[in-house]
Structures are given as structure tokens and as C-alpha cells.
Amino acid sequence: MGKPSLGLSISLVCFVVLMLASDSVAHRQKMRMDRRPQVGECQLDRLESLKPVYRIESEGGVTESWNHSDKILRCAGVTLVRRTVQPKGLVLPSYTNAPQLLYYVRGKGIQGMTIFPSCPESFEEPEGSGGGYREKHQKVHEIGEGDIIAIPAGIGYWFYNNGNTPLVVVILMDTSNADNQLDGKPRRFYLAGNPEDEHGEETDGESGRNLFSRIHEQLLSEIYGVSVETVRKMKGADDTRKNIVLAKEGLAVVRPEPGPRVNGLEETICTLRVREHVGSAARADIYTPHAGRIATLNSIKLPILADLRLSAERGVLYENGVYVPHWNLNANTILYVTGGEGRIQVVDNEGRSVFDGEIEEGEVLVIPQNFVVVIQATGEGGFEWIAFKTAENAMISPLVGISSAIRALPVHVVANIFRVSIEEAQRLKIGRDQTSLFSIASQSSKTKAFV
Ligand SMILES: *[C@@H]1O[C@H](CO)[C@@H](O)[C@H](O)[C@H]1NC(C)=O
């Protein structure tokens, strides 16, 4: 009696151990799938600044996209889209197979999500305002220059320009994220209209390219309880407005009332915040007079980023400002220039310069993990960017200043590795007292360029 039960319990233990082991293997497998390119996929001996290669003109604005097959974007496992939306322009609701970070570069508007599973429709009209029908929908955010919005995979969103100037947004799609269980190709699913594929996919010539377009007409008519004529409009056939349409009469949506009656819901998806402002000087984490400012956004400030495994950095250099040489510990950086003139130098693990040049507004530079980067404002108007980073809490290690890697070394180590005197080693360690930002003008006017 004792023996079989011992055997049973041993095999049970084995079974449990096996289960646990296979569980952790599956977990590690998932971790590995999460943004890990194959060996040889990252050819990083020469980086280039990238411009969009696809362009779609629509009734309400323009959509431009970067080449997701570009080798450096494939290595980083991301791609980008930029939309320029005219006043009263409405970007058709869509979702993608990848988490997204949106940065509003210019203009103002409102943005809403289609649905977050099991969220109530939190915005509703006061009772008795609309006859028999009472409008309810998911919450709507006011958005404007300097705002970041985080969108998980498969969550739809739309946005609308309610200002008088173009609304410009740059969108990072993290196709190598574990939340994308398809391949690395960006796929955008539109809920309406007759949009073109913004990632360069040839269209089949048929009109109607939204979720409803190929579902049988009669079936849709019965499911929704609407006429076949309405269903045809849903399918988007003959709609020539493309990806961004004009709401010619403007757009009336239920919004939280301003003032003391705001209930706090406007900032959340159910309980999750998705928006954060990083644009203004008041929001800076690092500020050095005459040099510039840096605002970081990570999962500590915006917890949804822990799920998306993304973070961001808003950088502004003033005239003569320098972002000192540093490396990113745990993330690739996808830097989008939002204005000004600047020069960037990037150095790889063999000490080679893989990028050294000017980069213009609207261009993208991918700075690979651990590569050393230095950024210098070259124009009178300074230089500014938004950097998307492929880790929820991206960290940098500067090579100069109070938290520099050099300062962390004992002075005798510094003297020996550089073959300098102890005095010179001390100067290297503590000669500069600033954080990561530095102004050449305020220190010395002789050495303006860093090469
Ligand atoms: C995108 O990049 C791939 C790989 O480098 C290249 O073959 C292709 O021609 C590019 N497409 C466009 C539209 O530039």
C-alpha cells in the first residue's frame, strides 16, 4: 500500500515540477519573442536618418509612414506614422496589432478610444436632453501639443482637430512587442471608410477597406437592425475621402464639464490613465539654464507603460546646448526631431562612428541600445525631439557630470586607463558639475563643435 502511494506522490511531484518547468519555459519563450531580433538582423555599421516613404492624401489631411522593412527599424522592431490633420479633420477609428505611443507635435483636438473591454460607457448626456435617445460613449480626451497617449494593441481610437491650425501627431508602433502575436508587419484595422493601407500594401482595386466591407450585407442589416442602404455606407464603398475625413459641420461629443464638476474620469480608461503631458518646461525632470531640459515618461509616471514596455523622453536644447555623451542601458531609442537644428553623433561597440551629421525636423534616427550618443544644438533656435524608448523604464548612463560613469571610477583607475596624472584624472572626474545637459557658450566659446 505504502509503495504505490509513494510512487504516485513521486510522479505527482514530477508532474508538478514538469508543469512549473514548462510554464517558465513558456514564459521565457514569450520574453524572448518580445523584441529580440535574430542574429544578423541588426546591421548597425552605418545609421541613417529616416524620412517617411509612403504618403496618403485624404480629404481631411495627410498620412505619412516610414518603411517598416528598413533594416534599422526592423532591428528595433518598430515603425512610425505621422498624420497631419486639417481643422475639422477626423481620423477614422482604427486599431493595430501593436501597442502605440502617440506624440502630439502641434495643434489641438480631442481623442477617444473605441472600447476597453468591460469598461462602462462613462460619458453620457444629462437625462432628458436628447428626446428618446440618450447619448453615451467611451471617454474623450482633450489633446494638444506636448501630449503623449499610450494605446494597447487591439484598442481602437480616433481623433479630431477642433483647433484652427493643423494637428500633427507622430505615432510609434511597437510591432516586436509580445502583445503582437503576428509577425512584425504593421497591420491597421479601420472601423469605417475606405482607407488606403498606410504601410505600402497594394490595394486590390475593390472599394471598401474597413472591417465591415466584406461581411455579407443582409447579415449586417439584420444584426444591426438597419437598412441595407445604411449597411452599404458602413462598408465604405464609393467613399473617396480616405483615411482622414472632414466633419464639415464640426463634431459634437459629450465631454466632461469644465470647472469643479469634472469627475476625474476624463483622465482614465476605467481606472487606467493613458495620457501624460511632457511638452512644457514645467514638466521637465532635468533643467539646466542656458542648456536645455529633459522630461522623461516611464511606467512610474504612467503605469500603463509597464504593460506596453515602452517609455519616452522629451528633449529640448537651447542655443549652444549639448546633451552630453551617454548610452541607453536597456532600450533602443527612436528619436523624432520636432524642431530646430542639431547634430548627432553615434558610436558603436568598436569605437566606430556610425552616425555623425545634421538631422532635420520630421526625421527619425534610431539609436541602438548601448551605443554612445551625443546631441548638439547647432542653430540659434536650439534643437528639440521626442524619443520613444523600447523599455518601460529606459535608463541612461551619462559620461560627464555628477552621475557620470567616469566619476564612478576611482581616481587611480582613471589615471591609469587614460595615462594621465592624478590631477588631470581628478579634473576628468569632477571638472563638470552639471547633469546630462551642458551649454558650450556658458563654459567656453572656443570649442563650439564636439569633433
Ligand atoms: C523599404 O526597405 C526595403 C529594405 O531595405 C527596400 O527593399 C524597399 O525598397 C523599401 N521601400 C521603399 C518604398 O522605400
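Per the numbering used here, the very first residue in the sequence shown carries number -18; after that it's consecutive.
Where a beta carbon is used, it is the ideal one built from N, C-alpha and C, also for glycine.
As the structure is a prediction and not an experimental result, all values here were calculated from the model.
Item, Value
"Inter-residue spacing [alpha-carbon to alpha-carbon] between Thr359 and Glu365", "11 angstroms"
"Whole-angstrom distance between Ile152 and Gly362, CA atom to CA atom", "25 angstroms"
"Cβ of Val149 within 8 angstroms of any chain B Cβ", "In the displayed structure, chain B is absent; only one protein chain is listed."
"Proximity below 8 angstroms, CB of Val149 to CB of Gly88", "yes"
"Identified DSSP bridge partners for Thr314", "Ile348 and Lys370"
"N- and C-terminal bounds of the alpha helix (DSSP H) containing Phe399", "Val392 to Phe399"
"Glu38 versus Thr95, Arg64, Thr416 and Tyr205, residue with shortest Cα-Cα distance", "Arg64"
"Boundaries (first-last residue) of the alpha helix (DSSP H) holding Gln199", "Glu198 to Tyr205"
"Which listed residue (Arg27, Gly260 and Arg256) has its alpha carbon closest to that of Ser280", "Arg256"
"Straight-line gap, Val212 to Asp220 (C-alpha atoms, nearest Å)", "13 angstroms"
"Any 3 or more C-beta pairs closer than 8 angstroms across the stretch 345 to 352 and the stretch 267 to 277", "no"
"Alpha carbon of Glu22 to alpha carbon of Leu232, nearest angstrom", "46 angstroms"
"Beta-carbon proximity check, Thr314 vs Glu342, cutoff 8 angstroms", "no"
"Val59, DSSP secondary structure in three states", "coil"
"Residue closest to Ser157, alpha-carbon to alpha-carbon, out of Arg408, Arg115, Asp329 and Arg290", "Arg290"
"Cβ pair Gly165, Gly58 closer than 8 angstroms", "yes"
"Euclidean distance between Cα positions of Lys410 and Leu390", "8 angstroms"
"Helix, strand or coil at Gln415 according to DSSP, with G and I counted as helix", "coil"
"Host beta strand (DSSP E) of Leu83 (start-end)", "Gln81 to Arg87"
"Euclidean distance between Cα positions of Ser420 and Ala263", "20 angstroms"
"Buried versus exposed, by CB contacts within 10 Å (16 or more), Glu300", "buried"
"Assigned secondary structure, Thr269 (DSSP; H/G/I helix, E/B strand, else coil)", "strand"
"Candidates Ile356, Met215, Glu105 and Ile129, of which the one nearest Pro306 by Cα", "Ile356"
"Among Ala386, Met154, Gly382 and Ile403, nearest to Val392 - alpha-carbon criterion", "Ile403"
"Test item, CB below 7 angstroms from any non-hydrogen atom of ligand 1", "Val34, Tyr35, Asn48, Ser50, Asp51, Lys52 and Gly181"
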